[in-house]
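Enquirer:
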Amino acid sequence: MTTFTATVASKERHVLAEGPLWAGATGQVVWVDIMKGHVFEGRLDGGSVVQTRRHDFDGMVGAAVMSTRGDLLVAAQEQLVVVSPSGERTPGPRIVPAGKRSRTNDGACDPTGRFLIGTLALDDRAGQETLVRIEDNGELTTIDADLSLSNGLAWSPDGRLFYNTDTVDGIIWVRDYDAETGLLGERREHLRITNGFPDGICTDSRGHLWIAVWGSGEVRSFTPEGTPEHTVKVPCPHPSSVAFIGPKLDTLLITTASRDLTEAELQTYPDAGKLFTAQVETTGAPCSPWSASWKPAVAH
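Residue numbers (this note's numbering): -7 to 292.
Printed below as a string of structure tokens:
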């Protein structure tokens, strides 16, 4: 087992940076600040990520993905919004039913480019959050409806296994996944994380899973069989998500949060909320771009 150390990769401090990804078609890094309602585009410059554009939304945002044309699909607080490269916005399907005290959370595209997005309760409800997939016609398919806090999503490099996180329960679920037909196998427990809470996840080219563990100051990797492998030490308590970025997918990008820290803790961890990178001696599995197969004016 090897221990790596992450280094600061941005100047800006976020409240809750999340959802990093490498948009290979455009050579951009995309991430969000959930609490501020910001969606960022940036570029990798050496070991740093330089912000090049910011999109502001009313309310919170859960995640954002990008098509090969550069269109952003943004999970705003309750529904999806498409942002064209010119900045034009078009509403998409509603994810959170009107009146429900939930918001969108982490999302990602499956190997064919369909977007999956989960929800998080804004009150003390447990076991009622959903994970849905937006089909090619804009309809929603419910994958899970009993989560306490739907979080990170990832696929094995061959696309045949799908992992999803329930943070509150500390579980990484796995199931068989047929991207062509959309059929899913039965959900089964893959990992149970202790000493922190599993948050965002990604896979590398070997099929190993990398998990940002909230509250631990660590990113941990596991073999496909679930054996602990490497640890990345992050110099702040709340790593929130991970992604492999760069043309060779050889840089691990880690988002973090400055929320849920006392003033004393913020003094102790002055880089909390910034982006970090680490070299971890492996490369990532590519992130599929959003297929943009449905018309964004779909009404739900």
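Using N, Cα and C, we set each Cβ at its ideal position, and we do this for glycine too.
Nothing here was measured: the structure is a model prediction, and the numbers come from that model.
Which one of E257, S208, E221 has the shortest CA to CA distance from S233?
Expert: Taking the first residue of the sequence shown as 1, we reach residue 233 at position 241. The candidate whose alpha carbon is nearest that of S233 is S208.
Enquirer: How far does the alpha helix (DSSP H) with A277 in it reach, from first residue to last?
Expert: In the sequence shown, the residue the question calls residue 277 occupies position 285. A277 -> no alpha helix (DSSP H), and no H or E assigned at all.
Enquirer: Does the Cβ of A291 have 16 or more other Cβ atoms within 10 Å, making it buried, or fewer, making it exposed?
Expert: Here residue 291 refers to the residue found at position 299 of the sequence shown. With a pLDDT of 40 at A291, under the threshold of 50, the predicted position of this residue should be treated as unreliable, and no value is reported.
Enquirer: Give the DSSP bridge partners of N156, in chain order.
Expert: Here residue 156 corresponds to residue number 164 of the sequence shown, with the count starting at 1. The beta-bridge partner set that DSSP reports for N156 consists of L145, W165.
Enquirer: Going by beta-carbon coordinates alone, are D102 and G11 separated by less than 8 Å?
Expert: Working through the sequence shown from its first residue, we reach residue 102 at position 110. Working through the sequence shown from its first residue, we reach residue 11 at position 19. Cβ atoms of D102 and G11: not closer than 8 Å.
Enquirer: Helix, strand or coil for L258? Go by DSSP, reduced to three states.
Expert: Counted from its first residue, the sequence shown places residue 258 at position 266. In this structure, DSSP gives L258 a helical state, which the three-state scheme calls helix.
Enquirer: Thinking C-beta only, is V226 closer than 8 Å to T248?
Expert: What you label residue 248 is simply residue 256 of the sequence shown in a count that begins at 1. What you label residue 226 is simply residue 234 of the sequence shown in a count that begins at 1. Cβ atoms of T248 and V226: closer than 8 Å.
Enquirer: Tell me whether the segment 68 to 85 and the segment 249 to 256 touch, counting them as touching only if at least three CB pairs, one residue from each stretch, are closer than 8 Å.
Expert: no
Enquirer: So for T60, helix, strand or coil by DSSP?
Expert: Numbered from 1 along the sequence shown, position 68 holds the residue referred to as residue 60. Coil.
Enquirer: Please go through the segment 161 to 223 and give each complete beta strand (DSSP E) segment of 3 or more residues, from N-terminal end onward.
Expert: 163 to 168, 180 to 184, 189 to 195, 201 to 206, 210 to 214
Enquirer: Would E33 be called buried (16 or more neighbouring beta carbons within 10 Å of its own) or exposed?
Expert: On the sequence shown, residue 33 is found 41 positions in, with the first residue counted as 1. It counts as buried.
Enquirer: Among residues of its own chain, excluding the 5 on either side of V211, which ones have a beta-carbon nearer than 8 Å to its beta-carbon?
Expert: Counting from one through the sequence shown, the residue named residue 211 turns up at place 219. The residues are A(-2), W202, I203, A204, V205, T223, V224, V226, P231, V234, L244, I246, A270.
Enquirer: Out of G162, L123, I237, point me to the one whose CA is closest to G38's CA.
Expert: On the sequence shown, residue 38 is found 46 positions in, with the first residue counted as 1. Out of G162, L123, I237, I237 has the C-alpha closest to the C-alpha of G38.
Enquirer: G192 and H6: beta carbons closer than 8 Å?
Expert: Stepping through the sequence shown from its first residue, residue 192 is reached at position 200. Stepping through the sequence shown from its first residue, residue 6 is reached at position 14. Cβ distance not < 8 Å, so G192 and H6 don't count as in contact.
Enquirer: DSSP state of F107, grouped into three classes?
Expert: As a position in the sequence shown, residue 107 is number 115, starting the count at 1. Note: F107 maps to strand in three-state DSSP.
Enquirer: Where do the N-terminal and C-terminal ends of the beta strand (DSSP E) with D136 fall, by residue?
Expert: To locate residue 136, count along the sequence shown from 1; it is residue 144. From DSSP, the beta strand (DSSP E) with D136 extends over 132 to 139.
Enquirer: Contact between the segment 147 to 167 and the segment 179 to 195: three or more CB pairs below 8 Å?
Expert: Between the segment 147 to 167 and the segment 179 to 195 there are three or more C-beta pairs closer than 8 Å, enough to call the two in contact.
Enquirer: My output table needs one value for Q69: the three-state DSSP class, helix, strand or coil.
Expert: Here residue 69 corresponds to residue number 77 of the sequence shown, with the count starting at 1. If DSSP states are grouped into helix, strand and coil, Q69 belongs with coil.
Enquirer: If you drop the 5 nearest sequence neighbours on each side, which residues of the same chain put their C-beta closer than 7 Å to that of R198?
Expert: Locating residue 198 in the sequence shown gives position 206, counting from the first residue. So the qualifying residues of the chain are T274.
Enquirer: In chain order, what residues of the same chain lie with their CB nearer than 7 Å to the CB of L258, ignoring the 5 residues before and after it?
Expert: In the sequence shown, the residue the question calls residue 258 occupies position 266. So the list reads S250, A264, once near-sequence residues are dropped.
Enquirer: How big is the Cα-Cα spacing for A55 and W14?
Expert: Mapped onto the sequence shown, residue 55 falls at position 63. Mapped onto the sequence shown, residue 14 falls at position 22. Going from the Cα of A55 to the Cα of W14 covers about 13 Å.
Enquirer: Use the C-beta contact count for G91: other C-beta atoms within 10 angstroms, 16 or more gives buried, fewer gives exposed.
Expert: Within the sequence shown, residue 91 is the residue found at index 99, counting from 1. Exposed.
Enquirer: Note down the Cα distance separating G105 from V124, rounded to an integer number of angstroms.
Expert: Position 113 of the sequence shown, counted from the start, is the residue given in the question as residue 105. Position 132 of the sequence shown, counted from the start, is the residue given in the question as residue 124. For G105 and V124, the distance between alpha carbons rounds to 14 Å.
Enquirer: Would you mind reading off the limits of the beta strand (DSSP E) that contains N129?
Expert: If you number the sequence shown from 1, residue 129 lands on position 137. First-last for N129: undefined, no H or E at that position.
Enquirer: Determine the extent of the beta strand (DSSP E) in which E4 is found, giving its start and end residues.
Expert: Along the sequence shown, one-based indexing puts residue 4 at 12. For E4, there is no enclosing beta strand (DSSP E), as DSSP gives it neither H nor E.
Enquirer: If I'm right that F107 touches V31 with Cβ under 8 Å, what's the distance once you round it to whole angstroms?
Expert: For the purposes of this step, residue 107 is identified with residue 115 of the sequence shown, where counting begins at 1. For the purposes of this step, residue 31 is identified with residue 39 of the sequence shown, where counting begins at 1. Contact flag wrong, Cβ pair sits at about 14 Å.
Enquirer: May I ask you to report which of helix, strand or coil DSSP gives F268?
Expert: Translated into positions along the sequence shown, residue 268 becomes position 276. Of the three classes helix, strand and coil, the one that applies to F268 here is strand, per DSSP.
Enquirer: Can you list, in chain order, the residues of its chain with a C-beta nearer than 6 Å to that of A67? Leave out the 5 residues immediately preceding and following it.
Expert: Residue 67 sits at position 75 when you count from the first residue of the sequence shown. The answer, listed in chain order, is G54, A55, T96, G99, I109.
Enquirer: Where do the N-terminal and C-terminal ends of the beta strand (DSSP E) with H230 fall, by residue?
Expert: In the sequence shown, the residue the question calls residue 230 occupies position 238. No beta strand (DSSP E) holds H230; DSSP gives it neither H nor E.
Enquirer: Taking the alpha-carbon positions, what's the L241 to R86 distance?
Expert: Here residue 241 is taken as the residue at index 249 of the sequence shown, counted from 1. Here residue 86 is taken as the residue at index 94 of the sequence shown, counted from 1. Distance between the alpha carbons of L241 and R86 is about 33 Å.
Enquirer: With distances taken between CB atoms, is the gap from L65 to S94 smaller than 8 Å?
Expert: Along the sequence shown, one-based indexing puts residue 65 at 73. Along the sequence shown, one-based indexing puts residue 94 at 102. No; because the gap between Cβ atoms is not below 8 Å, this pair is not in contact.
Enquirer: So the beta strand (DSSP E) V41 belongs to, where does it begin and stop?
Expert: Looking up residue 41 in the sequence shown gives position 49. Segment 40 to 48, the beta strand (DSSP E) holding V41.
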